[in-house]
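Peer 1: Numbering (my numbering), first residue to last: 4 to 135.
Ideal placement from N, C-alpha and C gives every residue a C-beta, glycine not left out.
The following block contains the structure, expressed as structure tokens.
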């Protein structure tokens, strides 16, 4: 019984200490990594608007190259591929960001992949765009 409790304790400690990579959406990312006006909804002009995608992980992103894959969610729930933005990063960076211009309103799913080796999903998130 003591062995089982010790194993459970070790596993719980290991998983609680691991950091998760988070994707946030904001108006801009400051030089110190602060994501200004975080939100999941933005209103843009009909001429387009820029939204910043920010990755954050206190222990480092853990990738040398990431890909932000953008999908528009259709009314029936299907995802329509809209595009990919690639970014060079460093494994020890705690944050990275990309400015993305949107023109069309709708809800978008953004999947972020580590593409520096065997591709793996880091995180994902949803953002909704409204036109003025």
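Give me, in chain order, the residues of the same chain whose beta-carbon lies closer than 8 Å to that of residue 51; leave out the 5 immediate sequence neighbours on both sides.
Peer 2: Position 48 of the chain shown, counting from 1, holds the residue named residue 51. Same-chain partners within the cutoff: 104, 105, 106.
Peer 1: Please report the distance separating the alpha-carbon of residue 79 from that of residue 46.
Peer 2: Reading the chain shown from its first residue, position 76 is the one you call residue 79. Reading the chain shown from its first residue, position 43 is the one you call residue 46. About 23 Å.
Peer 1: Considering just the uninterrupted stretch of the beta strand (DSSP E) at residue 67, what are its terminal residues?
Peer 2: Start at 1 with the first residue of the chain shown, and residue 67 comes out as number 64. No beta strand (DSSP E) holds residue 67; DSSP gives it neither H nor E.
Peer 1: By DSSP's criteria, residue 75 is part of a beta bridge. Which residues make up the other side?
Peer 2: Translated into the one-based positions of the chain shown, residue 75 becomes position 72. Residue 75 is bridged to 83, 111.
Peer 1: With a CB to CB cut of under 8 Å and the five nearest residues on each side skipped, what residues in its chain are close to residue 85?
Peer 2: One-based indexing of the chain shown puts residue 85 at position 82. 73, 74, 75, 111.
Peer 1: Who pairs with residue 51 in a beta bridge, going by DSSP?
Peer 2: On the chain shown, position 48 is the one that residue 51 refers to. Paired residues: 48.
Peer 1: For the beta strand (DSSP E) containing residue 42, list its first residue and its last residue.
Peer 2: Working through the chain shown from its first residue, we reach residue 42 at position 39. Per DSSP, residue 42 belongs to no beta strand (DSSP E) and is neither H nor E.
Peer 1: Just how far apart, CA to CA, sit residue 33 and residue 40?
Peer 2: Locating residue 33 in the chain shown gives position 30, where the first residue counts as 1. Locating residue 40 in the chain shown gives position 37, where the first residue counts as 1. Cα to Cα, the separation comes out at about 11 Å.
Peer 1: Could you work out which residue in 95, 89, 98 is closest to residue 114 when comparing CA atoms only?
Peer 2: One-based indexing of the chain shown puts residue 114 at position 111. Checking every option, the nearest Cα to that of residue 114 belongs to 89.
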